[in-house]
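Beneath this line is the structure, given in structure tokens, with notes to follow.
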Amino acid sequence: MASKGVPQFRSTDHAGTPWLDQAVCRGRTDLFFGRTSERPERRARRERIAAMLCAQCPVSVECRDFARRNREYGFWGGEDEQERHVAGYHLTAPIGLNQPRSA
Ligand code: SF4
Numbered sequence: 110m111a112s113k114g115v116p117q118f119r120s121t122d123h124a125g126t127p128w129l130d131q132a133v134c135r136g137r138t139d140l141f142f143g144r145t146s147e148r149p150e151r152r153a154r155r156e157r158i159a160a161m162l163c164a165q166c167p168v169s170v171e172c173r174d175f176a177r178r179n180r181e182y183g184f185w186g187g188e189d190e191q192e193r194h195v196a197g198y199h200l201t202a203p204i205g206l207n208q209p210r211s212a
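Everything in the sequence shown is counted per the working numbering, starting at 110 for the first residue and increasing by one.
See below:
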């Protein structure tokens with residue numbers, strides 16, 4: 110079972126994540142995953158604070174890469190799912206992503 114406050118994994122393999130022991134986000138799950146129907150302004154505020162934690166986290170690269178590989182939702186390693194999607198790590202079910210506007 111993952112420790113409270115560390116991003117929760119949906120994938121089945123937790124054995125390859127020893128870096129989690131160094132995560133600085135323990136106890137702050139509320140900053141990394143939004144509530145249902147979260148307003149955009151609240152999300153932006155929440156993710157700004159999350160990004161500050163990620164910026165000082167010693168395992169941000171491992172965390173970001175894990176989220177990219179596993180197509181995670183939420184804020185991981187300084188990125189949200191929209192940023193991962195744009196970077197080429199497409200979500201399996203891209204629910205809630207902003208769609209590019211057509212001209
Ligand atoms: S990079 Fe961010 S989300 Fe990942 S473990 Fe560190 S603080 Fe948590």
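Ideal Cβ placement from N, Cα and C applies to all residues, glycine included. Please read all numbers here as calculations on a predicted model, not as lab measurements.
Drop a sphere of 10 angstroms on the beta-carbon of residue i, count the other beta-carbons inside from all chains shown, and report buried for 16 or more, exposed for fewer.
i: glutamate 156; result: buried
i: glycine 136; result: exposed
i: aspartate 189; result: buried
i: arginine 148; result: exposed
i: arginine 119; result: Residue placement at arginine 119 is flagged as unreliable, the pLDDT there being 49, under the threshold of 50; the coordinate-derived value follows with that caveat. Exposed is the call here.
i: tyrosine 182; result: buried
Would you say residue i and residue j are within 7 Å of each other, going by their C-beta atoms?
i: phenylalanine 175; j: alanine 159; result: no
i: valine 170; j: glutamine 131; result: no
i: arginine 180; j: leucine 162; result: no
i: glycine 186; j: arginine 173; result: yes
i: glutamine 143; j: arginine 152; result: Going by the sequence as given, residue 143 is glycine instead of glutamine. Yes, these two residues count as a Cβ contact at 7 Å.
i: valine 195; j: cysteine 166; result: no
- prompt: Hey, which residues come within less than 6 Å of the ligand SF4, measuring from Cβ to any heavy atom, in chain order?
  reply: Any heavy atom of the ligand SF4 counts here; residues with a Cβ closer than 6 Å to one of them, in chain order, are Pro116, Ala132, Val133, Cys134, Phe141, Leu162, Cys163, Cys166, Val168, Ser169, Cys172, Trp185, Gly186.
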